[in-house]
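Note sheet for the following structure.
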Amino acid sequence: MLRVLAALLSLLPAFALAQEKVTVGIVTSLSGPMAAPGKFQMNGFRLAEEEINSAGGFALGGRKYLVDLKAYDTRANPAEGASAMQRLATVDKAPVVLGELHSGVAAAEAPIARDYGVPLVLTIPTGPGLTEQGNPFLFRVNANNDQLTQALADFVARQGWTPLAFIAWNNDAGRGGVNGMKKLLGESKIGYIGYFNVGEVDFASHVSNIRAGSARAVMLLMDEEPGSLAIRQIRDAGLKTQLIGTLAMGSDRFLKRLDADRLEGMVQYNAFPPNAAVPRIRAFSDRYRKKYGEEAHGFAAQSYDGLMLAVAAMQRAGTVTDGRKIRDALAAIEHDGVIGRIRFDSKGQAHPPVYVTQWCANGSRRILFPESLKADCGAG
Amino acid sequence: MPAAVLEQTINGLMSGSVYVLVALGMVLIYGVMHVLNFAHGVLFMLGGYVCHFFFTRVTGSYALSVLLSMGVLALVGIALERGVFRPLHGNLRNQVIASLGLILVIENLVVAVWGPNALQMKVPATEQLVPLGALRFPLQHLLVILVTFAVVAALFLFLKFSKPGTAIRAASQDRLAAMVVGIPVERIDWTTFALGTALAALGGALIGPLFLVFPLMGDAPMVKGLAGILLGGMGSVPGAVIGGLLIGVVESLSTLVLPTDYRDSVAFVVMVLILLARPQGIFGVRVRGED
Amino acid sequence: MMLEIRGLNAGYAGRPILGNVSMRVDAGEVVTVIGHNGAGKSTLLKSVFNLVPWREGAIELEGRDLLPLSPDRILAAGIAYIPQNRSVFPRLTIDENLRMGGYLLSSAKRLAERIDAVRQLFPMLAQRATQLAGTLSGGEQRMLELARALLMDPKLLMLDEPSIGLAPKMVDAVFNAVRLLRDQGKAVLMVEQNVNKALACSDRGYVMELGEILLEDQAQRLIGDRRVAQLYMGRR
Ligand SMILES: Nc1ncnc2c1ncn2[C@@H]1O[C@H](COP(=O)(O)OP(=O)(O)OP(=O)(O)O)[C@@H](O)[C@H]1O
Ligand SMILES: [Mg+2]
Numbered sequence: 002m003l004r005v006l007a008a009l010l011s012l013l014p015a016f017a018l019a020q021e022k023v024t025v026g027i028v029t030s031l032s033g034p035m036a037a038p039g040k041f042q043m044n045g046f047r048l049a050e051e052e053i054n055s056a057g058g059f060a061l062g063g064r065k066y067l068v069d070l071k072a073y074d075t076r077a078n079p080a081e082g083a084s085a086m087q088r089l090a091t092v093d094k095a096p097v098v099l100g101e102l103h104s105g106v107a108a109a110e111a112p113i114a115r116d117y118g119v120p121l122v123l124t125i126p127t128g129p130g131l132t133e134q135g136n137p138f139l140f141r142v143n144a145n146n147d148q149l150t151q152a153l154a155d156f157v158a159r160q161g162w163t164p165l166a167f168i169a170w171n172n173d174a175g176r177g178g179v180n181g182m183k184k185l186l187g188e189s190k191i192g193y194i195g196y197f198n199v200g201e202v203d204f205a206s207h208v209s210n211i212r213a214g215s216a217r218a219v220m221l222l223m224d225e226e227p228g229s230l231a232i233r234q235i236r237d238a239g240l241k242t243q244l245i246g247t248l249a250m251g252s253d254r255f256l257k258r259l260d261a262d263r264l265e266g267m268v269q270y271n272a273f274p275p276n277a278a279v280p281r282i283r284a285f286s287d288r289y290r291k292k293y294g295e296e297a298h299g300f301a302a303q304s305y306d307g308l309m310l311a312v313a314a315m316q317r318a319g320t321v322t323d324g325r326k327i328r329d330a331l332a333a334i335e336h337d338g339v340i341g342r343i344r345f346d347s348k349g350q351a352h353p354p355v356y357v358t359q360w361c362a363n364g365s366r367r368i369l370f371p372e373s374l375k376a377d378c379g380a381g
Numbered sequence: 101m102p103a104a105v106l107e108q109t110i111n112g113l114m115s116g117s118v119y120v121l122v123a124l125g126m127v128l129i130y131g132v133m134h135v136l137n138f139a140h141g142v143l144f145m146l147g148g149y150v151c152h153f154f155f156t157r158v159t160g161s162y163a164l165s166v167l168l169s170m171g172v173l174a175l176v177g178i179a180l181e182r183g184v185f186r187p188l189h190g191n192l193r194n195q196v197i198a199s200l201g202l203i204l205v206i207e208n209l210v211v212a213v214w215g216p217n218a219l220q221m222k223v224p225a226t227e228q229l230v231p232l233g234a235l236r237f238p239l240q241h242l243l244v245i246l247v248t249f250a251v252v253a254a255l256f257l258f259l260k261f262s263k264p265g266t267a268i269r270a271a272s273q274d275r276l277a278a279m280v281v282g283i284p285v286e287r288i289d290w291t292t293f294a295l296g297t298a299l300a301a302l303g304g305a306l307i308g309p310l311f312l313v314f315p316l317m318g319d320a321p322m323v324k325g326l327a328g329i330l331l332g333g334m335g336s337v338p339g340a341v342i343g344g345l346l347i348g349v350v351e352s353l354s355t356l357v358l359p360t361d362y363r364d365s366v367a368f369v370v371m372v373l374i375l376l377a378r379p380q381g382i383f384g385v386r387v388r389g390e391d
Numbered sequence: 530m531m532l533e534i535r536g537l538n539a540g541y542a543g544r545p546i547l548g549n550v551s552m553r554v555d556a557g558e559v560v561t562v563i564g565h566n567g568a569g570k571s572t573l574l575k576s577v578f579n580l581v582p583w584r585e586g587a588i589e590l591e592g593r594d595l596l597p598l599s600p601d602r603i604l605a606a607g608i609a610y611i612p613q614n615r616s617v618f619p620r621l622t623i624d625e626n627l628r629m630g631g632y633l634l635s636s637a638k639r640l641a642e643r644i645d646a647v648r649q650l651f652p653m654l655a656q657r658a659t660q661l662a663g664t665l666s667g668g669e670q671r672m673l674e675l676a677r678a679l680l681m682d683p684k685l686l687m688l689d690e691p692s693i694g695l696a697p698k699m700v701d702a703v704f705n706a707v708r709l710l711r712d713q714g715k716a717v718l719m720v721e722q723n724v725n726k727a728l729a730c731s732d733r734g735y736v737m738e739l740g741e742i743l744l745e746d747q748a749q750r751l752i753g754d755r756r757v758a759q760l761y762m763g764r765r
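Chains as they are written, first to last, in our numbering: chain A, 2 to 381; chain B, 101 to 391; chain C, 530 to 765.
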């Protein structure tokens, strides 16, 4: 018995020597109003972590390092975000922090990242202002609202879907989206604009106003849950208007909430068409489905790329402790991710491709934009 | 334009119906126990979840699930009356604090059991569309209104003509006098609580299929229901009905002329204006001999 | 003996009011309790009806122990009680008030019989069956309370200051009603400030001060008592 124990004990330091661990900080929503998208974020991080570690870790200076994710639940609450960021920098000594979903919370975390010299890599928040603060420690993998809006405005103008009406969340994202489209399309191309508050579920008055107006398309600037209700209420009221949705509305999950009949013809912008005939996307979708048993989500792809990118930056910087060197490596990096080629501009903003997909009658999706990837039903 | 007015009136009647179901329970409990149960909104929400549970896990029958949910919430109401409100009887401040605490407890409990995400209840009546002139509405939408009207009518008949109903009115007008004539007031307390929470559950169960079941679903109905109660006249049952419906219809119609993000404020502006003109509310009556 | 109280101590949370009270009401007897404000007269009646938080001693109705009974059981046992403050249900009609008076009667037929019986005593109640009780005058409300208390056909009525706040004409009507009750064979235990008129229609009386019984005597003798006259009738 004692001999066995001694043998076991003698193994321990050997393990520790062979593979060291790097604590990578994660700020996300495990509970609260953003818990659902938070799950996709964590799925992406976990998949990347698993792939790195099952390969024995990543190589740096002749050693191998395992990734150890230290996740904090910031609950869409700026105070929680700030305190988590502080802890990660001081207690957990994470050399780099990833994640966040909520632009307001990210805004509270970013200054702390700068103060402690720990780069913060955002993978989901879309508030355009975040990367306009001149904060050298802030990076964003995903496209921000301005970029998304620009792509969508181009598309809408080309289709001639104006005047364009809106039902939008009464918050920064919703109002910002509406104002962005207004600026790009011109005031005259905008029809009815209706805002609703978080938790509101009755869109009947918007439906009524849209029916009374002359809009050729309705843009739904909202998340999955209100989105499914709005579409149901619009279609049930007999409105045939063209619908335009967000990232959240181009997934099989979303289809399950509604049905192909109500969705047919609707378009939405997307950061990640999981069925596109692009090898890197196909491969990721397959791996994701194997691990989680469902269709890959854009948030997961962005977050997966975020962690892979952070690891590449540490390798490039030759350190797993010096946040400043890792920051410099991030600023210069060029990474071929699942969502596309990621390179940060001088503000720390990446410019991944934005897609527009459309629902087909059979519940599959086609890619309409960008032209180069255009593909028929089943590819979106 | 008239079509839009009709459409918004029907929409308003539907949301108003939901406010009425919440307001009725609150006003009945307030009448008998003199406590404003601020947890009524989360009980409404719990009713939605329990109905969802029965519908998706136990029986495929929506109607049966609604009834079961009302039954379960009636039991919850009795437990709350026994365990929380009766021990605090006579201490209004502590009852209010307790009801606020209940909001947190029930909300966290629901999130722990069912998770934070909205749940869907796919009942056939949401898929069936009923044409009404040029408009069409999901059958469920009209059912909410019809069921509420039927329940309100039944409740009026019960309160007006039945012996237990008259006893509830008596106990809410003068508790001591009720004891003096032999009405078992503690039994009235818990039956009223059960009735009130069952009505809230009915609201949550009716609206769930249309608007999803989620942890915050009771917040707006609670606040609007309370506004309806004040508008109708604190403590008045017909007042709660008229007040709740009025708030629903006015806020819906307001969206024809005002931006929709003013909708919530409209309800409260109307309430304040009417209360300025008539502080006792629409049905608030002052009878001699009542303090 | 109708009602017997022995060695009763009673009071409110941590505050004893009644100290060692013993008294009785015989069958068919009208008994009045007089005493200054705050003496504990109302507390005495409430104690009998189990409406105070703390009681000790013995209370018996025709030998039956009342202490463990809840108010509705005491009412069923044969005691009706009319509290000092108005106690009609203001937003119920006269008729509904009467029907609530018979809440404990499970037979509809019996209820109808009893309502008929009290309407004969108070014809006004039949004429205005659908009027809201809150719109009645103070005297009329008292009459409704009396009628309602008679619905269960009690053996003993406890009246707490039935004449308080009434116009002189109504005061007389109330005491006439008490005489009527006695003629019907009911026992009455009443608390009154209108000492003269109350004792005039009583058989016996008690004087209560600071929660204790000071004096007990025939009503006629109490009217003649110099101390009673001085203390409670405003005569020097
Ligand atoms: N609910 C209560 N809680 C605490 N103390 C009370 C309560 N009710 C009465 N008391 C106190 O008990 C004492 C006796 O009151 P009680 O009402 O029995 O007097 P009373 O003789 O009926 O006076 P009155 O002639 O003014 O009606 C008073 O000091 C009163 O303040
Ligand atoms: Mg008194």
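Every residue, glycine too, gets a C-beta built ideally from N, C-alpha and C.
Predicted model, so just to flag it, every value in this text is computed and none were measured.
Listed by chain order, chain A residues near residue i by CB distance under 8 Å
i             : result
residue 236/B : 237, 238, 239
residue 111/B : 203, 205, 206, 209
Listed by chain order, chain A residues near residue i by CB distance under 9 Å
i             : result
residue 355/B : 195, 205, 206, 207, 209, 210
Continuous beta strand (DSSP E) stretch holding residue i: start and end
i             : result
residue 144/B : Residue 144/B -> not in any beta strand (DSSP E); alpha helix (DSSP H) instead, spanning 140–153.
residue 231/B : 229–232
residue 238/B : 235–238
residue 359/A : 356–360
N- and C-terminal bounds of the alpha helix (DSSP H) containing residue i
i             : result
residue 761/C : 755–761
residue 194/B : 192–214
residue 421/B : In the structure as shown, chain B starts at 101 and stops at 391, and residue 421/B therefore has no counterpart that could be examined.
residue 74/A  : It is not in any alpha helix (DSSP H) - residue 74/A instead sits in the beta strand (DSSP E) that spans 64–74.
residue 361/B : Counting along the chain, residue 361/B falls outside any alpha helix (DSSP H), and DSSP gives it neither H nor E.
residue 719/C : Note, residue 719/C: premise wrong, no alpha helix (DSSP H); beta strand (DSSP E) at 716–720.
residue 116/A : 104–117
residue 325/B : 319–332
Cross-strand partners of residue i (DSSP beta bridge)
i             : result
residue 185/A : BP columns for residue 185/A are empty, so no partner.
residue 583/C : 540/C
residue 545/C : 540/C
residue 170/A : 197/A
residue 214/A : Paired residue(s): none; residue 214/A is not in a bridge.
residue 594/C : 589/C
residue 678/C : According to DSSP, which records beta bridges pairwise, residue 678/C is partnered with nothing at all.
residue 351/A : 345/A
residue 222/A : 169/A
residue 337/A : 342/A
residue 535/C : 587/C
Where residue i meets chain B, residues with beta-carbon distance less than 9 Å
i             : result
residue 605/C : 282
Expected contact under 8 Å - CB spacing of residue i and residue j to nearest Å
i             : j             : result
residue 362/A : residue 277/A : Not confirmed; about 20 Å, so no contact.
residue 714/C : residue 569/C : At roughly 29 Å, the Cβ-Cβ gap does not stay under 8 Å, so residue 714/C and residue 569/C are not in contact.
residue 144/B : residue 321/B : 6 Å
residue 202/B : residue 173/B : About 13 Å; that fails the 8 Å criterion.
residue 187/A : residue 164/A : Rounded, the Cβ-Cβ distance is 10 Å, inconsistent with contact.
residue 269/A : residue 358/A : 6 Å
Chain-ordered chain B contacts of residue i [CB-CB under 8 Å]
i             : result
residue 226/A : 217, 218, 312, 314
residue 671/C : Those within 8 Å of residue 671/C in chain B number zero; the least Cβ separation is about 11 Å.
residue 171/A : 361
Beta-carbon neighbours of residue i, restricted to chain C and to distances below 9 Å
i             : result
residue 276/B : 580, 612, 614, 616
Neighbouring residues, chain C, relative to residue i (Cβ below 8 Å)
i             : result
residue 266/B : 621, 625, 628, 629
* Among all residues, which have a Cβ less than 7 Å from at least one non-hydrogen atom of ligand 2, and in what chain order do they fall? -> 570/C, 571/C, 613/C, 689/C, 690/C, 720/C
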